[in-house]
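Shown next, in structure tokens, is the structure this report addresses.
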Amino acid sequence: MDDVVDPATGEVIAEVAHCDTADMNLAIAAAERSFSSWRELLPRRRGAILRSWASLMLDHSEELAILVTSEQGKPIDEARYEIAYGAGFLEWFAAEGERAYGETIPSHKPGSLLQVRMHPIGVAAAITPWNFPVAMITRKAGAALAAGCPVIVKPAPETPLSALALARLAEEAGIPRGVFQVLIGDPVELSLPLLRDTRIRAVSFTGSTQVGRMLLEGAAQTVKKISLELGGHAPFIVFDDVEIDRVVKGAIAAKFATSGQDCLAANRIYVQRRVYHAFVEAFAEAMARLKVGHGLEPATQIGPMTKASVADKCRTHIDDAVAKGARAISRSQDPGLSPSFVVPTLLTDVTDDMLIAAEETFGPVAAVLPFDSEAEVVTRANATEMGLAGYVYTDNLRRALRLSEQLEYGMLGVNTASFTGPPIPFGGWKQSGLGREGSRHGMEDYMELKYVCFGDLTA
Ligand code: NAD
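Per our numbering, the very first residue in the sequence shown carries number 1187; after that it's consecutive.
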């Protein structure tokens, strides 16, 4: 058995069964057996089952939210939002499954008909992270199941309870045995068969770029389709033509959602020099009001870091920046809180040679960097191997259009910090990933194209 721990207190809150390679092999065999009957169901029927699953999630929203907060640590309101967000992917793909159209191609050969059809790829695997323990499962599984593929989920060991609760509701919704399975255990041991077994045709992963790279290499052995949603290092660019209060609201949302443990988190806040001091003052004031505490306390806005390694990385980034000349603004740590909590910290006068300017922090540490010109900030914002998301605040329409062309990111928010949801293609450029989740593109990772040429049709 493995312990599940409340990251806010370190207390063991549950024990879960530990699966090994033999269990994974059984799961792969069961998934493979279930494939033909699941694939043959009409998309409408699969959609109806996915919709029932989504309604059950919403019916049990409060219990699920409490589970999420208890094992992940996020504030309960954010956990409630995650349940609705997660159920939304099931609803979205329930409908998309009916729209997996093929094509008819105008023929280049006399007397022939050319068709392209979409086929489910086979058994899929989802390796999911701990920061969105519900929504990252439904975003992958909803797409796979709607496409006609059984799916095996390996959740993060830190957050197994949410995944197991989803599995229970999936069964209640009528998803047949073998079609949706969750296995908890050692990440390396359970991932190896998923990568090596030829019966697994697609792997979808969300997590760090480092692990994503290893999975990409592993998938090469069996030439599997792999989709990766990896780290971010989002620039949040503030021009001097905008109203500061509105930007501060956006910056707080973009930096501190999920207590900063979010791949969309604003990691480099670039502020044009003329409004730099006004922004820093207003942002520091707004940060000082953020309530830190246990996620189950209703007023909490910042919970603990789910993993000790994330809290350590935050402290390393703060120490490095201060040693190189940045100013840190924060309050002292509440002695009643465990070391898994990181006090929201503002780093001003950050320069490009500091660690925080070079890599994702994944915690409640905000780095503010002054800039002078538009060309300069575009160059600095793009000077990274990450390319997931970026934000631009300006009231100058032509400038907004220019930056939306020039920034090398898979997703951009222009004058907004809130842009995710089932209809959008979520994913990154460069080393932030491969493939897109959600949207009408989300099922592509779980489907194969088949081209058929009907020849000799002339009577
Ligand atoms: P991670 O990449 O180690 O974990 C993510 C998932 O991968 C989990 O399911 C984990 O069990 C699994 N995993 C870990 N090592 C594995 C391996 N060798 N083989 C197969 N699966 C493996 O991420 P982490 O250490 O928990 O977090 C570290 C950093 O990753 C964060 O600071 C952040 O930068 C990034 N991260 C990004 C996201 C995201 O939403 N893109 C989510 C979580 C973490």
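Ideal Cβ placement from N, Cα and C applies to all residues, glycine included. Small disclaimer: the values here were computed from a predicted structure and weren't measured.
Cα-Cα separation between residue i and residue j, rounded to whole angstroms
i	j	result
Ala-1333	Tyr-1579	38 Å
Lys-1441	Ala-1451	5 Å
Gly-1499	Thr-1547	First, the residue type needs correcting, since residue 1499 is Lys and not Gly in the sequence shown. Cα to Cα, Lys-1499 sits roughly 7 Å from Thr-1547.
Val-1368	Val-1339	5 Å
Gly-1511	Val-1554	13 Å
Arg-1225	Cys-1335	7 Å
Arg-1517	Glu-1634	54 Å
Ala-1443	Pro-1261	9 Å
Phe-1366	Ala-1240	14 Å
Asp-1426	Asn-1211	58 Å
Leu-1250	Glu-1201	17 Å
Lys-1326	Arg-1622	10 Å
Pro-1659	Thr-1290	Residue 1659 lies beyond the residue range present for the chain, which begins at 1187 and ends at 1645; the question has no answer from this structure.
Arg-1584	Gly-1417	30 Å
Pro-1484	Val-1508	33 Å
Arg-1232	Glu-1257	31 Å
Gly-1627	Ala-1356	Note that residue 1627 corresponds to His in the displayed sequence, not to Gly. So the two alpha carbons sit approximately 24 Å from each other.
Asp-1189	Gly-1398	26 Å
Ala-1265	Leu-1236	21 Å
Gly-1489	Gly-1481	5 Å
Gly-1404	Arg-1219	24 Å
Phe-1221	Arg-1230	17 Å
Asp-1383	Thr-1408	8 Å
Pro-1608	Leu-1643	43 Å
Thr-1534	Ala-1310	45 Å
Leu-1476	Tyr-1287	48 Å
Gln-1301	Trp-1316	42 Å
Pro-1346	Asp-1558	47 Å
Per DSSP, cross-strand counterpart(s) of residue i
i	result
Ser-1413	Ser-1390
Gly-1297	DSSP output for Gly-1297 lists no bridge partner at all.
Glu-1634	His-1305
Tyr-1456	Ile-1423, Leu-1555
Leu-1476	DSSP lists no partner for Leu-1476.
Trp-1615	Gly-1573
Cys-1205	Gly-1371
Ile-1338	Ala-1311, Gln-1367
Arg-1513	Thr-1534
Thr-1290	Gln-1301
Asp-1189	Glu-1201
Ile-1488	Val-1478
DSSP-derived helix/strand/coil call for residue i
i	result
Ile-1235	helix
Phe-1605	coil
Asp-1506	helix
Gly-1274	helix
Cys-1639	strand
Gly-1446	helix
Ile-1323	helix
Leu-1350	helix
Glu-1284	helix
Gly-1599	strand
Ile-1199	strand
Leu-1482	coil
Leu-1620	strand
Thr-1644	coil
Pro-1356	Note that residue 1356 is Ala in the sequence shown, not Pro. Residue state, collapsed to three classes: helix.
Thr-1384	coil
Thr-1408	coil
Asp-1498	helix
His-1627	coil
Gln-1519	coil
Contact under 9 Å by Cβ, residue i with residue j
i	j	result
Ala-1342	Gly-1272	no
Pro-1193	Lys-1636	no
Gly-1573	Gln-1617	yes
Asn-1601	Gly-1436	yes
Ala-1552	Cys-1449	no
Ala-1359	Ser-1238	yes
Pro-1379	Ile-1542	no
Ser-1625	Phe-1612	yes
Leu-1598	Leu-1587	no
Glu-1328	Phe-1275	Before going on, a small fix: residue 1328 reads as Gly here, not Glu. Cβ distance < 9 Å, so Gly-1328 and Phe-1275 count as in contact.
Ser-1647	Gly-1259	For residue 1647 there is no data in the structure shown, the boundaries of the chain being 1187 and 1645.
Val-1178	Leu-1352	With the chain covering only 1187 through 1645, there is no way to say anything about residue 1178.
Ile-1323	Ala-1388	no
Ile-1412	Ala-1203	no
Val-1466	Leu-1532	yes
Ala-1420	Tyr-1267	no
Ile-1430	Ala-1464	yes
Cys-1639	Ser-1298	yes
Worksheet item: Counting only runs that start and end within the segment 1543 to 1592, where is the beta strand (DSSP E) found for 3 or more residues in a row?
Response: 1551 to 1557, 1575 to 1579
Discussion item. To test your reading of the DSSP string, which unbroken alpha helix (DSSP H) runs of 4 or more residues are found completely within the segment 1244 to 1270?
Written reply: 1247 to 1258
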